[in-house]
Amino acid sequence: MTDQAVDTDGVRLSQDPAEESGFLGRTRELKELRADIERAGLDTLSGRKAPRARVLLVAGRPGSGRTALAEELAARVADDYPDGVLRARLSEPDGTRVPVERLARDLLGALDRSAPPGADEDDLTEALRTALADRRVLLLLDAVADAEQVDALLPDTPDCLAVAVAEGPLTGIADVRPCTLGGLDTKSAVELLSRHTGSVRITVDPRAAEQLVELCQAQPAALTLAGGWLAARPQAAVADLAKHVHAESDESGALGRVFGLVYASLPSTAARMLRLLSLAPAGLVDPHTASALAGCSVSGARTTLDDFVAHGLLRAVDSPLPEYEVPGCLHGRLSALARKHDRPAELQLARARMLERTVRLLQSCRAVTETDSPQAREKLLATPRDLRFPHPRAAADWLRARRPALLAAARLAVADGELDTLARRLMSQLVRAMVAHFGTRAAAPDLYGIHRLVLDVAERRELPREKAAALLNLADLDARTGRTAEALVRYRAALDAGREANDPYATGRAMESVGGAHLELGDFDRAADWFGRALAQRLAREERADAARVYGRIATAHTYAGRYGEAVRSWRAAVAGHRKSGDVAAHARALAELARVQEYAGRPEESLRTCQEAVDWARRAEDDRLQAALHLRLADTLDRLGDPAAAGLERRTAERMLREDPADACEIRSTSSED
0 MTDQAVDTDG VRLSQDPAEE SGFLGRTREL KELRADIERA GLDTLSGRKA
50 PRARVLLVAG RPGSGRTALA EELAARVADD YPDGVLRARL SEPDGTRVPV
100 ERLARDLLGA LDRSAPPGAD EDDLTEALRT ALADRRVLLL LDAVADAEQV
150 DALLPDTPDC LAVAVAEGPL TGIADVRPCT LGGLDTKSAV ELLSRHTGSV
200 RITVDPRAAE QLVELCQAQP AALTLAGGWL AARPQAAVAD LAKHVHAESD
250 ESGALGRVFG LVYASLPSTA ARMLRLLSLA PAGLVDPHTA SALAGCSVSG
300 ARTTLDDFVA HGLLRAVDSP LPEYEVPGCL HGRLSALARK HDRPAELQLA
350 RARMLERTVR LLQSCRAVTE TDSPQAREKL LATPRDLRFP HPRAAADWLR
400 ARRPALLAAA RLAVADGELD TLARRLMSQL VRAMVAHFGT RAAAPDLYGI
450 HRLVLDVAER RELPREKAAA LLNLADLDAR TGRTAEALVR YRAALDAGRE
500 ANDPYATGRA MESVGGAHLE LGDFDRAADW FGRALAQRLA REERADAARV
550 YGRIATAHTY AGRYGEAVRS WRAAVAGHRK SGDVAAHARA LAELARVQEY
600 AGRPEESLRT CQEAVDWARR AEDDRLQAAL HLRLADTLDR LGDPAAAGLE
650 RRTAERMLRE DPADACEIRS TSSED
């Protein structure tokens, strides 16, 4: 059995790297599509410049080779679009429409353009059009569900080209002429068979080969499955397969008949695994997913998956990992077989095993980054070898490659509604792994979507504590991207949920965050009021370190409002709190802020003494950057007090420290000048 990856939705074979691969047939269709690129459109004929990118439509049923034709066209005209080819799949394997918001964000990511987490569809599509305005790209939109998706993603420049792949016409998009696919020409169809069987079996009985092509209606997917069946049986004649296909009674057409024959030839365990692959998120399968779904070993699953590829039942994905894709033309058939042969409870158990395996892989993915923790190392060593990553880079590569499937797994688990406990665990571990490997800022768009899923589960299950946590996380992301008003609404909702759950952490955090949002919006009185409520809770619970920090936030609000006396009192309370809790670094920073406010209040002598005390505490905290900033502030204060000699000494001390740490010099000088 040859090791080859076959695209059963097309006619391009991706074989062993040592062998040539090529595109078969479709000469007429390619010629028409290329001519359509240059065809004068309605705008040109009326004397107006085309305002948007031209849309070419490749129409055909799944299995007709429509995607392969679009990819071949893209390869042939790629030189005309030097900024590259952008690809997006507009429907899930089961036919579910992919939201435009997600499509636009993924395309922006492919362009290395970021968009704020939580941005709506209009903002994202506008950002995409802006990003494409000065580029020449080819946009390949596969498995289009409706014209509205294409219209939303279409660049506002005639320098770009969009190639859409759909089952039928795209009513609503002007000036689009579909290239509708039928079967391959007989010569190309026979050659496709011979690539699997070798030329000898075709040459000895060319009439049988042509009969088989006719029975397959020259459809690439059906011919690929037929070729895989013959490749697995070197002794079988082409005529034998033709007889078997002719005898099949499937009423769904040529693809259904050939698939039924191939499926029936599989051992029962392999047939069961194949059916269960319809449960794989986003139609993407790796050996772990297949192993968990079927309840077999990872190595056994890998062998079976490779056999499926050789049969034309799966397509190997170009990925650093062993990864496979369930062809769209087979997904519905596999789902139907699973519903027919497997009880609902068995399917749900398979889903649960898959989610549990994913959770454990994510736990291992995160744990491998915690090399400084003896507990984490011990836990990692206790993990089965198949679930263990050799080093953090391997874990990050796995997480990056499996990202689409992991996000799809979270969406499907939440939509299922019956596995909410596993769904919550999956999303929790996915967030932790992404933060550990990519950081909160880089992972923010994905984290936003995950937190929204957590919120969906919390509301459905009436879990106020989880609801409060999700709302706080979403609001934090809103606040970081400048959507302060939206963040304020979510912080208030989180406060209500925290009170309902009687969760003091959530309520305290929410009250403080409400204050922070008001501070950002310039409502300093409300900010101070909400910080005061949070402080009262911290003091009641004897949370001294947190109380000291909140005193500082109250002082900041008073400072912005120009109430320097109240700000001084609050900063003194913060200083006392940090001193009692033993936080030397926080103590030094609070003293520095107190000195700043005393300067604002017109008390330079007090500011000088406080600043000198802050220098001493910054030295104890080994915070050289803060020490340098304080020495510069001392110099400015001494100048105002009429002591230029002492001021010069302080500046020389600061400059010496800045020379030792030049990376912070500009920022510290800038901060000092603002003071």
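Residues 0 to 674 in numbering that gives the first Met the number 0 are what the sequence shown lists, from first letter to last.
Glycine is no exception: its CB is placed at the ideal position from the N, C-alpha and C atoms.
Problem set entry | Alpha carbon of ALA144 to alpha carbon of ALA375, nearest angstrom | 46 Å
For this session: Count the other CB atoms, across all protein chains shown, that sit within 10 Å of the CB of ARG384; report buried if there are 16 or more and exposed otherwise.
Result: exposed
For this session: May I ask you to verify whether the segment 127-137 touches the segment 76-88, counting CB pairs closer than 8 Å and requiring at least 3?
Result: yes
Problem set entry | Span separating the alpha-carbon of THR124 from that of ASP638 | 55 Å
Problem set entry | Own chain residues within Cβ distance below 8 Å of SER113, not counting five before or after | LEU107, PRO444
Exercise. Considering only C-alpha positions, which residue in the set ALA613, LEU446, LEU411, LEU471 is nearest to GLN428?
Worked result: LEU446
Exercise. First and last residue of the beta strand (DSSP E) that includes THR420?
Worked result: From DSSP, THR420 is part of no beta strand (DSSP E) but of the alpha helix (DSSP H) over 419-437.
Problem set entry | Every unbroken alpha helix (DSSP H) inside the segment 162-224 [4 residues or more] | 185-196, 198-203, 205-214
Exercise. Could you give the residue range of the beta strand (DSSP E) that holds VAL54?
Worked result: 53-58
Problem set entry | Neighbour-count burial assignment, PRO266, 16 or more Cβ in a 10 Å radius | exposed
Exercise. Going by beta carbon distance, what residues of the same chain come within less than 6 Å of ARG200, once the five residues before and after it are set aside?
Worked result: VAL237
Problem set entry | ARG459 classed as buried or exposed, judged by whether at least 16 other C-beta atoms fall within 10 angstroms | exposed
Exercise. Between the C-alpha atoms of ALA281 and ARG350, what's the straight-line distance to the nearest angstrom?
Worked result: 14 Å
Exercise. Exposed or buried, which one is VAL203 when buried takes at least 16 other CB atoms within 10 Å?
Worked result: exposed
Problem set entry | Spatial neighbours of ARG543 in its chain, beta-carbon cut-off 7 Å, leaving aside the 5 residues before and after | GLY576, LYS579, SER580
For this session: Within its chain, find whatever has a CB closer than 7 Å to the CB of GLU18; leave out the 5 residues flanking it on each side and keep chain order.
Result: Per-residue confidence for GLU18 stands at a pLDDT of 33, beneath the threshold of 50, marking its modelled position as unreliable; the derived number appears in the next sentence. Hits under 7 Å: none found.
Exercise. Per DSSP, what kind of secondary structure is LEU657 in: helix, strand or coil?
Worked result: helix
For this session: Would you mind reading off the limits of the alpha helix (DSSP H) that contains VAL567?
Result: 563-580
Exercise. So, helix, strand or coil for ASP6, using DSSP?
Worked result: Residue placement at ASP6 is poorly supported in this model, since its pLDDT is 35, which falls under 50; the coordinates still yield a value, given next. In the structure shown, ASP6 sits in coil (DSSP, three-state: anything other than H, G, I, E or B).
For this session: Determine the burial state of ASP8: buried for a count of at least 16 other Cβ atoms within 10 Å of its Cβ, exposed for fewer.
Result: Model confidence at ASP8 stands at a pLDDT of 38, short of 50, so the residue's coordinates are unreliable and nothing is read from them.
Problem set entry | From SER198, GLN218, ALA220, residue whose alpha carbon lies closest to that of PRO233 | SER198
Exercise. Would you call the segment 213-223 and the segment 62-76 touching, i.e. three or more CB-CB distances under 8 Å?
Worked result: yes
Problem set entry | Where the alpha helix (DSSP H) through VAL488 begins and ends | 483-500
Exercise. For LEU380, is the classification buried or exposed, using 16 other Cβ atoms within 10 angstroms of its Cβ as the cut-off for buried?
Worked result: exposed
Exercise. For ASP35, which option in PRO50, VAL57, GLU565 has the closest C-alpha, if you only look at C-alpha atoms?
Worked result: VAL57
Problem set entry | Proximal residues to ALA73 (C-beta, below 7 Å), its chain only, five neighbours per side dropped | VAL84, LEU137, LEU139, VAL162
Problem set entry | Sequence-distant residues of its chain with Cβ nearer than 8 Å to ARG271 (five each side left out) | ALA293, HIS340, ASP341
Exercise. Under a three-way DSSP split, which group does ASP82 fall into?
Worked result: coil
Problem set entry | Neighbourhood of ARG668 by C-beta distance below 8 Å, restricted to the same chain and skipping five residues each side | Residue placement at ARG668 is poorly supported in this model, since its pLDDT is 45, which falls under 50; the coordinates still yield a value, given next. Contacts found: LEU631, LEU657.
Problem set entry | Contact check, ILE449 vs VAL430, beta carbons under 8 Å | yes
Exercise. Just how far apart, CA to CA, sit ALA664 and ALA587?
Worked result: Confidence in ALA664 is poor, its pLDDT being 44 and thus under 50, which makes the residue's placement too unreliable to answer from.
For this session: Given a cut-off of 8 Å, decide if ALA467 and ALA493 are closer than it, judged by their beta-carbon atoms.
Result: yes
Exercise. Just how far apart, CA to CA, sit LEU593 and GLU499?
Worked result: 38 Å
Exercise. What's the call for ASN472, buried or exposed, on a 16-neighbour Cβ count within 10 Å?
Worked result: buried
Exercise. Assuming MET353 contacts ALA291 under a Cβ cut-off of 8 Å, what Cβ separation, rounded to an integer in Å, is found between them?
Worked result: 4 Å
Exercise. Whose C-alpha, out of GLY564, ALA509, ALA617, is nearest the C-alpha of VAL549?
Worked result: ALA509
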